[in-house]
Amino acid sequence: MLRYSYQPVPLSGSAPPSLPPLGTVRWRPFAPVTIIGPTGVTRHFQRALVDPGADDTVFPLELVERLGVVLRPDTGQRLRWRGQTYPLRYGDADLELSDDGASCRWTTVVCFSSAPIRYRILGNAGCLEFFNVTFRGADRTRELEPNLSFPGEIGPA
Amino acid sequence: MNPHVTRKSGMRLPEAAYREYRGQWTALSADGTRVVAHADDLSTLEERLEADGQDPAKLIFDRVEDDDTSLGGAELL
């Protein structure tokens, strides 16, 4: 099982009414993730948002060439981000999630987008479908346990 | 597993990243404590690392938030 703490993100301005009046941070459920291309080139991102509301697992399109990912044919998927439309492209890559004790690596279909999305997104297809995820809001922790559909390898960190 | 970078679950962005690099992509040292390079976009950041002779596989990438509210996948509309 992988366990992660929510991470504090400092506010740049005053706290909104949904936070304590003297609040200075947002707590967000990030996980560090490594993406590995077919030739073994890797890029490690400190923070990807664990987001069960996201359909896909999304990384910057700029990574495709660096990682040597071969994009699948364009099937016309698009997303609208802040009023602008961006194409979504898909390709095969390995993803690796690890915490202080364990590591999970699997091959999957990753979405790549040129939209200036705030975070890398660990969404349902390609990632969360393979885990049972528990969000412990009071503790600000979450747990990801590979489920029976997990297609990869589990090992030590 | 990528043996080059520290991946402790509690790692946080350095304070300096929030002070100086909001809205930018950053490359952090392998232990996550120091900003090695920064740029407005990921491609430019990679080019700068390449010019500096840095191995991107041994660094940690992150983009610093430029605003305070994230609605996750709900924003994709």
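Going down the list, the sequences are from chains A and B.
Here my numbering is used: position 114 in the first sequence is 118, and no number is missing along the way.
Here my numbering is used: position 74 in the second sequence is 756, and no number is missing along the way.
For glycine and all other residues, C-beta sits at the position ideal for the given N, C-alpha and C.
The model shown is predicted, which means the values in this text are computed figures rather than measured ones.
For Val13(A), the nearest CB of chain B lies under 8 Å from its own CB, placing it at the interface with that chain. When C-beta distances to chain A are compared with 8 Å, the residues of the region 713-740 of chain B below that value are Gly714, Asp723, Leu724, Ser725, Glu728, Pro738, Ala739, in chain order. Only Gly159 from the region 146-159 of chain A bring a Cβ to less than 8 Å from some Cβ of chain B.
For the C-beta of Ser752(B), the chain A residues within less than 9 Å are, from N- to C-terminus, Val13, Arg30, Arg32, Leu53, Arg122, Tyr123. The straight-line gap separating the alpha-carbon atoms of Ala733(B) and Gln88(A) is approximately 33 Å.
By the Cβ-count criterion, Ala698(B) is exposed, with fewer than 16 other Cβ atoms from all chains shown falling within 10 Å of its own Cβ. With its beta carbon less than 8 Å from one in chain A, Tyr700(B) belongs to the interface. Flagged as an interface residue toward chain B: Gly17(A), by a C-beta distance shorter than 8 Å. At a Cβ-Cβ threshold of 8 Å, Val62(A) and Cys108(A) do not count as neighbours.
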